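*Asks:* Which chain is which? The protein sequence lines are A and B, in order. Per the working numbering, the first sequence starts with residue 1, numbered consecutively. Per the working numbering, the second sequence starts with residue 530, numbered consecutively. Encoded as structure tokens, here's the structure I'll be asking about.
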Amino acid sequence: MKHFAKLIQALDSTNKTNAKVKALTEYFETANDQDKVWTIAILSHRRPPRPVNTTLLREWATELANIPLWLFEESYHIVGDLAETIALIIPTQNKSSDKSLTTFLEDMILLKPKSEADKKAYLFSNWSKLNYYERFVFTKLITGGFRIGVSQKLMTRALSKATGIDEDILAYKLMGNWDPKTISFKQLILEENESDYLSKPYPFYLAYAVENKVSDLGIASDYLFEHKWDGIRGQIIIRKNEVYVWSRGEELVTDKYPEFQAYINQIPNGTVIDGEILPWIDGQIGTFNDLQTRIGRKTVSKRLLAKVPVMLKAYDLLEWENNDIRSLPFIERRKLLASLFDSVKTKNIPLQLSTVYNFDKWENATRERTKSRELKSEGLMIKRKDSSYQIGRKKGDWWKWKVAPLTIDAVLTYAMRGHGRRSNLFTDYTFGLWDNDHKELVTFAKAYSGLTDAEFRKVDAWIKKNTLERFGPVRSVTPELVFEIAFEGIALSKRHKSGVATRFPRILRWRMDKKIEEANSLEDLKELL
Amino acid sequence: MTTPLLIFNSEGIYCEQADVYLDPWRPVDKAIITHGHSDHSKWGHKSYITHHDNVPIIRHRLGEINVSGKNYNETFKVNGVTFSLHPAGHIIGSSQVRVEYKGEVWVFSGDYKVENDGISTPFEPIKCDAFITECTFGLPAFNWIPQQEVYSSINQWWSENKSEKKTSVLFGYSLGKAQRLLSALNPEIGKIYTHGAIENMTEVLRPIVEFPKTHLITRETTKQELLGNIVLAPPSAHGSPWIRKMVPYETGSASGWMAFRGARRRRAIDKGFVLSDHCDWNGLLTAIEATGASKIITTHGYTDTFSRYLREQGYNALTEKTQYEGELAELDANKEIENQKERTDNE
Numbered sequence: 001m002k003h004f005a006k007l008i009q010a011l012d013s014t015n016k017t018n019a020k021v022k023a024l025t026e027y028f029e030t031a032n033d034q035d036k037v038w039t040i041a042i043l044s045h046r047r048p049p050r051p052v053n054t055t056l057l058r059e060w061a062t063e064l065a066n067i068p069l070w071l072f073e074e075s076y077h078i079v080g081d082l083a084e085t086i087a088l089i090i091p092t093q094n095k096s097s098d099k100s101l102t103t104f105l106e107d108m109i110l111l112k113p114k115s116e117a118d119k120k121a122y123l124f125s126n127w128s129k130l131n132y133y134e135r136f137v138f139t140k141l142i143t144g145g146f147r148i149g150v151s152q153k154l155m156t157r158a159l160s161k162a163t164g165i166d167e168d169i170l171a172y173k174l175m176g177n178w179d180p181k182t183i184s185f186k187q188l189i190l191e192e193n194e195s196d197y198l199s200k201p202y203p204f205y206l207a208y209a210v211e212n213k214v215s216d217l218g219i220a221s222d223y224l225f226e227h228k229w230d231g232i233r234g235q236i237i238i239r240k241n242e243v244y245v246w247s248r249g250e251e252l253v254t255d256k257y258p259e260f261q262a263y264i265n266q267i268p269n270g271t272v273i274d275g276e277i278l279p280w281i282d283g284q285i286g287t288f289n290d291l292q293t294r295i296g297r298k299t300v301s302k303r304l305l306a307k308v309p310v311m312l313k314a315y316d317l318l319e320w321e322n323n324d325i326r327s328l329p330f331i332e333r334r335k336l337l338a339s340l341f342d343s344v345k346t347k348n349i350p351l352q353l354s355t356v357y358n359f360d361k362w363e364n365a366t367r368e369r370t371k372s373r374e375l376k377s378e379g380l381m382i383k384r385k386d387s388s389y390q391i392g393r394k395k396g397d398w399w400k401w402k403v404a405p406l407t408i409d410a411v412l413t414y415a416m417r418g419h420g421r422r423s424n425l426f427t428d429y430t431f432g433l434w435d436n437d438h439k440e441l442v443t444f445a446k447a448y449s450g451l452t453d454a455e456f457r458k459v460d461a462w463i464k465k466n467t468l469e470r471f472g473p474v475r476s477v478t479p480e481l482v483f484e485i486a487f488e489g490i491a492l493s494k495r496h497k498s499g500v501a502t503r504f505p506r507i508l509r510w511r512m513d514k515k516i517e518e519a520n521s522l523e524d525l526k527e528l529l
Numbered sequence: 530m531t532t533p534l535l536i537f538n539s540e541g542i543y544c545e546q547a548d549v550y551l552d553p554w555r556p557v558d559k560a561i562i563t564h565g566h567s568d569h570s571k572w573g574h575k576s577y578i579t580h581h582d583n584v585p586i587i588r589h590r591l592g593e594i595n596v597s598g599k600n601y602n603e604t605f606k607v608n609g610v611t612f613s614l615h616p617a618g619h620i621i622g623s624s625q626v627r628v629e630y631k632g633e634v635w636v637f638s639g640d641y642k643v644e645n646d647g648i649s650t651p652f653e654p655i656k657c658d659a660f661i662t663e664c665t666f667g668l669p670a671f672n673w674i675p676q677q678e679v680y681s682s683i684n685q686w687w688s689e690n691k692s693e694k695k696t697s698v699l700f701g702y703s704l705g706k707a708q709r710l711l712s713a714l715n716p717e718i719g720k721i722y723t724h725g726a727i728e729n730m731t732e733v734l735r736p737i738v739e740f741p742k743t744h745l746i747t748r749e750t751t752k753q754e755l756l757g758n759i760v761l762a763p764p765s766a767h768g769s770p771w772i773r774k775m776v777p778y779e780t781g782s783a784s785g786w787m788a789f790r791g792a793r794r795r796r797a798i799d800k801g802f803v804l805s806d807h808c809d810w811n812g813l814l815t816a817i818e819a820t821g822a823s824k825i826i827t828t829h830g831y832t833d834t835f836s837r838y839l840r841e842q843g844y845n846a847l848t849e850k851t852q853y854e855g856e857l858a859e860l861d862a863n864k865e866i867e868n869q870k871e872r873t874d875n876e
């Protein structure tokens, strides 16, 4: 644990990528094998389930620190991180623990089914035994992931440096369903084992956004174009009469989308398709809001399956006849995908082909892009015809060219403190639009991003001076500031007070030039429907 | 009900009976000043009274002003009200102000800390009926580690940077924190360089306290000679063109705010050292208890939270609005720019 806590401290105390890679490499070179497996698991979001809920954690930490619960909550809203708050308020002992990271995690797994009294005793004894930073890391292991600016890519780079194994091969090994409880470092990283690969997806290739003029990308005819569908990017694997569905977040979601079981016996074994999982309702693409009803569920009821069925819009073919074909040119992969689709299109399985277009001129691409909203796409994807299927977000061959977002001017009505590097700053905002003839502001969206650090500081200072009321962590503020809010889509919703749900709302800019009377109304918003 | 001995009006903390203000934020006739930080000692008062160690500090900052210096515990009367200054332990020359009239005693803390930093006269609790206290760090999340541990981690950080042939740049407020750091640095590791604002302020304080030798960074200073050494700079220098001279460098910041991981990341500092010239949670509580006061007025910091907690502990506690900022200047570098005098020499 000491070793791991030191690693986290090193990663957390620098903003420099090279320093992070160095710290991780040193760790992977020196830590014991099982601790390494757990470290990889934790840094790739595979921590064991939370053994104690946060309500109990708060109560017990408060008890140990001998302060009232409300004071803990106040502190938490200012610190902005639960584990950090707990580590800070508990009186520090100058002790340290020699138990390994693996032992701690194994203990936590065993703790989950135990009684509350046992859990409390376990936490009290460890909180009092660990020094400040170890206590923070220990509590973090219980509450959730470490957000310390270490991407999987960065970790893989360090692991590659420490083991001498190629980064791309490691990225592939680390994908999918492996269990840090049972797998050894040798099995996970060092050994070649074919049967492990049955359910393994390929790392997703992600596109960068077009920054300037689209014609800066070169010659239009070097690219294939297709719509950027607004669902969940997914990979469907058909191997040995089994189907596996992976989402882009590297989550195995097979059980959430039983529709794809229909691929068995229809699509040949040894096939991996990359595409977009989309709701398909009465012969039409549904909204992202429809899909949202499916995303949250582990298992799906018959009723929901009938109400919001899904299908895959296929973008790409990554494996064909048991061969990894990612290095083939995109245009060749698309030909294989098209012939696969032709062979199954009469079979009534939930598979569609995402149409690709050839454009000689950028103007034609621009024209196609204007149809996006009507077609329920987010814009166009621009993919070089000769591009291989690469790993992660790489610049050069694939570009996303989204349509300009919808925008509306709204009034800041409520604010909450942020988390992480925004702790202690009011950065989480709620916005309202006018209703009832400009007499009342109705909440329509929350947004957390889009301002610069300097702007956030200014708004934060303003909020502190213009607070009307406090509701726990939330403050209502004098309606005075107007912001332009951008969002990707809009749909009617019964769950929202405004009657409208917006997709991915964020702050586009602070309209210092506008008075609140000039902000938009709910009617204006509904006109965008 | 009679008027309280001290009230809070638009100019500052006011003693009506004596017609005297404590740390006023607008120009007044007679001001008693607790210490030299810019949110407590403003320009434009007709006369200033302060501890004599603070006289050269505010003269340096405010120019030629009409100021009289007092010793700690020395009493003086204005219109029948007895005043005296008592050590606050915040920075060199910092005081609490004791105000007594017809047997009633009020104390205004100014800014203070209970830990003895070795360069300012240590804080002494003063018995009183009403205590006006800051609470910059009035949350149980703030628990300072002993300063010797912080000092050794600063020196260790410097040594490590030196072994990697990098310059260490350490940020701290130019009055108070910088001198405390200076007294904590181990000159055996290397040379100590200073930003002009810090060099000038330190020069002012050298007659009062002995500090290690410092080297002012000038136009002639080269990158090469800085390598492996340490540079003390005010927080406003972070991200300025001035700092490019230090490349390759590592940055560190010494402030109470560094207790929060988010604060360090927000300011993009490589290393945070938790070191404050204010009280932590327990420091505030023990100091308040030691005054024996039943009435507590909180002025700046987490005032609402802190006074609610005090009320639950049986104190008659309330909050008054002031314009003091506590250690905010170190959290938000731009604040220090307001202090014109400090940013001169190095451009």
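Cβ atoms here follow ideal geometry from the backbone N, Cα and C, with glycine treated the same way. It should be emphasised that the depicted structure is a prediction, and the values quoted were computed from it without experimental measurement.
1) Does DSSP classify A/PHE104 as helix, strand or coil?
2) Identify each residue in the segment 662-676 of chain B for which the Cβ-Cβ distance to at least one residue of chain A is less than 9 Å, and report them in chain order.
3) Would you call A/ILE408 buried or exposed, if buried means 16 or more other Cβ atoms sit within 10 Å of its Cβ?
4) So, are the CB atoms of B/CYS544 and B/VAL596 less than 8 Å apart?
5) Identify whether A/VAL344 lies in helix, strand or coil by the three-state DSSP scheme.
6) Quick one: is B/SER697 buried, meaning 16 or more other Cβ sit within 10 Å of its Cβ, or exposed?
7) Hey, how far is the Cα of B/ILE798 from the Cα of B/THR780?
8) Classify B/LEU534 as buried or exposed, calling it buried when 16 or more other Cβ atoms lie within 10 Å of its own Cβ.
9) Please report the distance separating the alpha-carbon of B/PHE660 from that of B/THR563.
10) Determine the contact status of A/ILE142 and A/MET108, defining contact as a CB-CB distance below 8 Å.
11) So A/GLY80 packs on B/GLY830, CB below 8 Å; how close in whole Å?
12) Are the Cβ atoms of A/VAL37 and A/LEU159 separated by less than 8 Å?
13) May I ask you to list the residues that DSSP assigns as paired with B/CYS664?
14) Considering A/GLN390, what are the terminal residues of the beta strand (DSSP E) in which it resides?
15) Between the beta-carbon of A/LEU154 and the beta-carbon of A/LYS20, is there less than 8 Å?
16) Where A/LEU336 and A/SER343 are concerned, what is the direct C-alpha to C-alpha distance, given to the nearest angstrom?
17) Ordered along the chain, which non-local residues of its own chain (more than five positions away) have a Cβ less than 7 Å from that of B/TYR844?
18) Evaluate B/HIS807 with the Cβ neighbour count: other Cβ atoms within 10 Å of its Cβ, from every protein chain shown; 16 or more gives buried, anything less gives exposed.
19) Kindly examine the ligand MN and report whether one of its heavy atoms sits closer than 7 Å to the Cβ of A/LYS402.
20) Output, in chain order, the set of chain B residues within a Cβ distance shorter than 9 Å of A/ILE78.
21) Run down chain B in chain order and give the residues with a C-beta less than 7 Å from the C-beta of A/THR535.
22) For A/SER75, count the other beta carbons within 10 Å of its own beta carbon; 16 or more makes it buried, fewer makes it exposed. Which is it?
23) Below 6 Å CB to CB, which residues in the same chain sit around B/HIS581 once its five sequence neighbours on both sides are set aside?
24) Answer with yes or no whether the minimum CB distance from B/ARG773 to chain A is below 8 Å.
25) With a threshold of 8 Å between beta-carbons, can A/ASP230 be considered close to chain B, or not?
26) If you count every other CB in all the chains shown that lies within 10 Å of the CB of A/ASP513, and 16 or more means buried, which is it?
27) Report, in whole angstroms, the separation of the C-beta atoms of B/GLY639 and B/SER649, which I expect to be a contact under 8 Å.
28) What in chain A is Cβ-close to B/ALA797, meaning under 7 Å?
29) On the CB-based measure, 16 or more other CB atoms within 10 Å of its CB, does A/GLN93 come out buried or exposed?
30) Mind checking if B/GLU854 is an interface residue toward chain A, Cβ cutoff 8 Å exclusive?
31) What do you get for A/LEU524, buried or exposed, if any count of 16 or more other CB atoms within 10 angstroms of its CB means buried?
32) Roughly how many angstroms lie between the CA atoms of A/GLU226 and A/ALA220, to the nearest whole one?
33) Ignoring anything shorter than 4 residues, give me the alpha helix (DSSP H) runs that lie fully in the segment 302-344 of chain A, in order along the chain.
34) Excluding the 5 residues preceding and the 5 following A/LEU528 in the sequence, name in chain order all residues of the same chain whose CB lies nearer than 6 Å to its CB.
35) Secondary structure at B/HIS580, three-state DSSP: helix, strand or coil?
36) Buried or exposed: where does B/ASN868 fall if 16 or more other Cβ atoms within 10 Å of its Cβ makes it buried?
*Replies:* Reading it off the structure:
1) As a first step, residue 104 of chain A must be located in the first sequence, where it is residue number 104. Correct three-state label for A/PHE104: helix.
2) LEU668, PRO669, ALA670, PHE671, ASN672 and ILE674
3) Counting from 1 along the first sequence, the entry for residue 408 of chain A is found at position 408. A/ILE408 should be labelled buried.
4) As a working mapping, residue 544 of chain B is identified with position 15 in the second sequence. As a working mapping, residue 596 of chain B is identified with position 67 in the second sequence. Not in contact: B/CYS544 and B/VAL596 (Cβ atoms no closer than 8 Å).
5) Locating residue 344 of chain A in the first sequence gives position 344, counting from the first residue. Looking at A/VAL344 - three-state DSSP - the assignment turns out to be helix.
6) For this step, residue 697 of chain B is matched to residue 168 along the second sequence. Classification for B/SER697: buried.
7) The residue labelled residue 798 of chain B in the question sits at position 269 within the second sequence. The residue labelled residue 780 of chain B in the question sits at position 251 within the second sequence. Cα to Cα, the separation comes out at about 6 Å.
8) Here residue 534 of chain B refers to the residue found at position 5 when the second sequence is read from its first residue. Label assigned to B/LEU534: buried.
9) As a first step, residue 660 of chain B is located in the second sequence; it is residue number 131 there, counting from the start. As a first step, residue 563 of chain B is located in the second sequence; it is residue number 34 there, counting from the start. Between B/PHE660 and B/THR563, the C-alpha separation is close to 15 Å.
10) Here residue 142 of chain A is taken as the residue at index 142 of the first sequence, counted from 1. Here residue 108 of chain A is taken as the residue at index 108 of the first sequence, counted from 1. Contact: yes.
11) Residue numbering aside, residue 80 of chain A sits at position 80 when the first sequence is read from its first letter. Residue numbering aside, residue 830 of chain B sits at position 301 when the second sequence is read from its first letter. Going by Cβ atoms, the distance from A/GLY80 to B/GLY830 rounds to 18 Å, so no, they are not a contact pair.
12) For the purposes of this step, residue 37 of chain A is taken as residue 37 along the first sequence, with counting starting at 1. For the purposes of this step, residue 159 of chain A is taken as residue 159 along the first sequence, with counting starting at 1. Cβ distance not < 8 Å, so A/VAL37 and A/LEU159 don't count as in contact.
13) For this step, residue 664 of chain B is matched to residue 135 along the second sequence. Beta-bridge pairing links B/CYS664 to B/GLY830.
14) In the first sequence, the residue the question calls residue 390 of chain A occupies position 390. Where A/GLN390 is concerned, there is no enclosing beta strand (DSSP E), given that its DSSP letter is neither H nor E.
15) Here the question's residue 154 of chain A lines up with position 154 in the first sequence. Here the question's residue 20 of chain A lines up with position 20 in the first sequence. Cβ distance < 8 Å, so A/LEU154 and A/LYS20 count as in contact.
16) Within the first sequence, the letter at position 336 stands for residue 336 of chain A. Within the first sequence, the letter at position 343 stands for residue 343 of chain A. Computed Cα separation, rounded: 11 Å.
17) Taking the first residue of the second sequence as position 1, residue 844 of chain B is located at position 315. Closer than 7 Å at Cβ, skipping near neighbours: SER823 and ILE825.
18) The residue labelled residue 807 of chain B in the question sits at position 278 within the second sequence. Burial call: buried.
19) Absence of the ligand MN from the depicted structure is noted, as is the absence of any ligand whatsoever, leaving it without description.
20) Looking up residue 78 of chain A in the first sequence gives position 78. In chain order: LEU668, ALA670, PHE789, TYR831 and THR834.
21) Residue coverage of chain A in this structure runs from 1 to 529, which leaves residue 535 of chain A outside it and unanswerable.
22) Taking the first residue of the first sequence as 1, we reach residue 75 of chain A at position 75. A/SER75 is buried by the Cβ-count criterion.
23) Start at 1 with the first residue of the second sequence, and residue 581 of chain B comes out as number 52. These residues qualify, in order along the chain: GLY598.
24) Numbered from its first residue, the second sequence carries residue 773 of chain B at position 244. Not closer than 8 Å to any Cβ of chain A, the Cβ of B/ARG773 fails to qualify, so no.
25) In the first sequence, the residue the question calls residue 230 of chain A occupies position 230. So no, A/ASP230 is outside the interface.
26) For this step, residue 513 of chain A is matched to residue 513 along the first sequence. Exposed.
27) Here residue 639 of chain B refers to the residue found at position 110 of the second sequence. Here residue 649 of chain B refers to the residue found at position 120 of the second sequence. Not confirmed; about 12 Å, so no contact.
28) Indexing the second sequence from 1 puts residue 797 of chain B at position 268. The answer, in chain order, is ASN15.
29) In the first sequence, the residue the question calls residue 93 of chain A occupies position 93. A/GLN93 comes out exposed.
30) Your numbering for residue 854 of chain B matches position 325 in the second sequence. Cβ-Cβ to chain A under 8 Å: no for B/GLU854.
31) Counting from one through the first sequence, the residue named residue 524 of chain A turns up at place 524. For the sequence presented, residue 524 of chain A should be read as Asp rather than Leu. Label assigned to A/ASP524: exposed.
32) In the first sequence, counting from the first residue as 1, residue 226 of chain A sits at position 226. In the first sequence, counting from the first residue as 1, residue 220 of chain A sits at position 220. Computed Cα separation, rounded: 13 Å.
33) 302-307 and 330-344
34) As a position in the first sequence, residue 528 of chain A is number 528, starting the count at 1. Result list for A/LEU528: LEU406 and ILE490, in chain order.
35) As a position in the second sequence, residue 580 of chain B is number 51, starting the count at 1. Strand.
36) Your numbering for residue 868 of chain B matches position 339 in the second sequence. For B/ASN868, the pLDDT reaches just 35, beneath the cut-off of 50, and the residue's location in the model is therefore unreliable, although a value from the coordinates is still provided. Label assigned to B/ASN868: buried.
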